[in-house]
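According to the numbering used here, the residues represented by the sequence shown are 2 to 399, in order. Beta carbons: idealized from backbone N, C-alpha and C, even for Gly.
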Amino acid sequence: MSIQNSTYSLNSVSTDDSIAMLLECDETLEDKPSSTNIFRIPSQVLHPPSDYLSLLKDKESEYSVNPKQWLSMQTQLNSEMRGILLDWLMEVSGEYRFKRETYYLAMSYVDRYLLQKQVEKDVFQLIGLAALAIAVKAEEIKTLKLEDLAKAADYAFDENEIRKMEIQLLAQLQWKIYPITPFHWLSYLMTQWDIYIMSMFNMFHMEQDQFITYDREIFRDVAEEEIVILFKQPNKSAYKRYREALFLLDMLHMELSSYTFTSRELGIGLLYILIKKYFEQSNFSLFLLHNEFKTHFYNEEASDAERYTQGSLILYEIFSDFAAKTAEIYDLQDMGFLFQLISLFSSCAPNLNFRSFDIRRECVGRERNQLSYEEFLGIQTYNAEVWKTVSEIIKSSV
């Protein structure tokens, strides 16, 4: 198939299931950062690992790039073409069930490469293809043959061209191919939020003093899925929230305004806007399950407006504490513009519809192997509405 618009088009065909092990390059890669996410909050339950946040922040600073920088120096490329390329990379990643991290690695490679080298429009898709090939080798257990990647671009480039571009990219990137990506930050923060809320409302238990999971019996007894605002727990409500969060993340990184902020700030801002929306939709019902919050929040004589205001204030205090402990962001008031930007995208995003959610069915991989729920969440999904919505926002703001 062909993805086209009036000014730029990419060669593309539907991919198939042909997957095989292949590693074209044998140089030594830099060490991949660990994905440690075990946290202990509040103080007697959860405590951040020493220097883990420093590692994340340092890595982000080392690899950060604003696409506006390379767009100002590239004479044949523009932001619309970048959006179309990212949409195509996301589609290919979704077809092959690559990890979300793989897609975001490829995005990082493209942006960092174009900041250093002037390129022509005709090779833009080839750069994206080579970036995806490298990301697959860096992140996936099973990689694709080059002929499969060539097929994904409707054979616009042959295997030799892809291989040569891989080498050029790696040389330009100095083999530094493990940045901290926006998905890494958001996934980490969603995990910490689940732990934070479950510990606050006594919905967790320890396994071997390391792993924290929600207590299924307590969870069923005290609340319905809709009012306990979680993201990574294996139920339909949490999964819908997770998918909406990732939908927004994908949208925001196709539009350049979001790059005014770090991925850490964007992750915190995105979570706050969504969590605030979910609490409002549930009328802050979770607070009624906690005696201390209930004392301050529930007043039979209070008007709906007064209860809404009080619930909003409690949530703001809770999330401020969460942001300080998990991301070292200490003043949410400084993020007003970011909240406005995310709210704009959130209001424009279409409703995500899900069929009846069956965890056992969803967690079966393409080769019929059983995935863990965490692995299932990590698979990149494709939704044509992402780029469609972003392009409409861009046009309306011109």
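Sheet register partners of residue i (DSSP bridge)
i, result
"Ile-380", "Lys-100"
Simplified DSSP state of residue i, which is helix, strand or coil
i, result
"Ser-65", "coil"
"Cys-349", "helix"
"Lys-396", "helix"
"Trp-388", "helix"
"Asp-332", "coil"
"Ser-35", "Reliability of the predicted coordinates at Ser-35 is poor, the pLDDT of 41 falling under 50, and the value obtained from them is presented with this limitation in mind. Ser-35 falls in the coil class under three-state DSSP."
"Leu-72", "helix"
"Met-204", "coil"
"His-185", "helix"
"Phe-212", "With a pLDDT of only 41 at Phe-212, under the threshold of 50, the placement of this residue in the model should not be trusted, and no figure is reported."
"Thr-263", "coil"
"Ile-85", "helix"
"Asn-161", "helix"
"Thr-327", "helix"
"Trp-176", "coil"
"Leu-231", "coil"
"Tyr-374", "helix"
"Thr-192", "helix"
"Ala-154", "coil"
"Ser-304", "coil"
"Lys-277", "helix"
"Val-124", "helix"
"Asn-236", "coil"
"Glu-256", "coil"
"Glu-318", "helix"
"Asp-112", "helix"
Distance CB(residue i)-CB(residue j) smaller than 8 Å
i, j, result
"Phe-280", "Gly-312", "yes"
"Arg-242", "Leu-275", "yes"
"Thr-182", "Glu-141", "no"
"Leu-257", "Lys-396", "no"
"Leu-190", "Leu-272", "yes"
"Arg-265", "Trp-186", "yes"
"Ala-132", "Ala-153", "no"
"Leu-378", "Lys-233", "yes"
"Val-112", "Trp-388", "The sequence as given places Asp at residue 112; Val does not occur at that position. It is not a contact, given that the beta carbons lie outside the stated cut-off."
"Phe-158", "Leu-130", "yes"
"Phe-125", "Met-166", "no"
"Phe-184", "Leu-267", "no"
"Gln-148", "Glu-160", "Before going further, note that residue 148 is Glu rather than Gln in the sequence given. Cβ atoms of Glu-148 and Glu-160: closer than 8 Å."
"Ile-128", "Leu-11", "no"
"Val-403", "Gln-75", "It is not possible to answer for residue 403, since the shown part of the chain is limited to 2 through 399."
Given residue i as reference, the closest of the options once Cα atoms are compared
i, options, result
"Tyr-383", "Met-252, Phe-288, Tyr-374", "Met-252"
"Thr-192", "Ile-181, Lys-177, Leu-231", "Leu-231"
"Cys-349", "Leu-87, Glu-386, Gln-77, Gln-334", "Glu-386"
"Pro-351", "Ser-200, His-297, Ser-283, Ala-246", "Ala-246"
"Ile-330", "Glu-375, Leu-372, Ile-269", "Ile-269"
"Thr-261", "Ala-157, Asp-149, Asn-67", "Asn-67"
"Ile-196", "Lys-326, Leu-145, Asn-79", "Lys-326"
"Val-391", "Tyr-97, Asn-300, Leu-345, Val-120", "Leu-345"
"Leu-72", "Lys-118, Leu-290, Thr-310", "Lys-118"
"Lys-146", "Tyr-97, Phe-323, Tyr-110, Gly-337", "Tyr-97"
"Arg-244", "Ile-85, Ser-65, Ile-380", "Ile-380"
"Ser-109", "Ile-135, Val-120, Glu-121, Lys-122", "Ile-135"
"Ile-315", "Lys-122, Glu-302, Phe-298, Ser-238", "Phe-298"
"Leu-54", "Phe-320, Glu-375, Phe-248, Ala-324", "Ala-324"
"Phe-248", "Asn-292, Ile-343, Ile-85, Phe-338", "Ile-343"
"Ile-228", "His-291, Thr-263, Asn-300", "His-291"
"Thr-310", "Ser-321, Phe-320, Asn-284, Gln-334", "Asn-284"
"Leu-78", "Lys-122, Tyr-64, Tyr-105, Ser-65", "Lys-122"
"Ser-238", "Gln-282, Ser-200, Lys-295", "Gln-282"
"Thr-263", "Leu-56, Ser-65, Asp-52", "Ser-65"
"Tyr-317", "Ser-347, Ala-328, Lys-277, Ser-259", "Lys-277"
"Glu-376", "Ser-347, Pro-235, Asp-155, Ser-321", "Pro-235"
"Leu-56", "Ala-328, Ile-394, Leu-333", "Ala-328"
"Tyr-105", "His-254, Phe-338, Ala-151", "His-254"
"Ser-188", "Ala-139, Tyr-240, Asp-52", "Tyr-240"
"Ala-139", "Phe-320, Cys-364, Phe-99", "Phe-99"
"Lys-295", "Phe-320, Phe-202, Ser-321, Gln-334", "Phe-202"
"Arg-164", "Ala-151, Ser-373, Glu-302", "Ala-151"
"Ile-394", "Ser-373, Tyr-374, Ser-347, Arg-362", "Ser-347"
Distance cut-off 7 Å: residue i Cβ against heavy atoms of the ligand ATP
i, result
"Phe-285", "In the structure shown, the ligand ATP is absent, as is every other ligand, since no ligand is present at all."
Quick check: the region 171 to 181 against the region 53 to 64, are at least 3 beta-carbon pairs closer than 8 Å?
yes
Closer than 8 Å is the cut-off here; do at least three beta carbon pairs connect the region 86 to 101 with the region 156 to 170?
no
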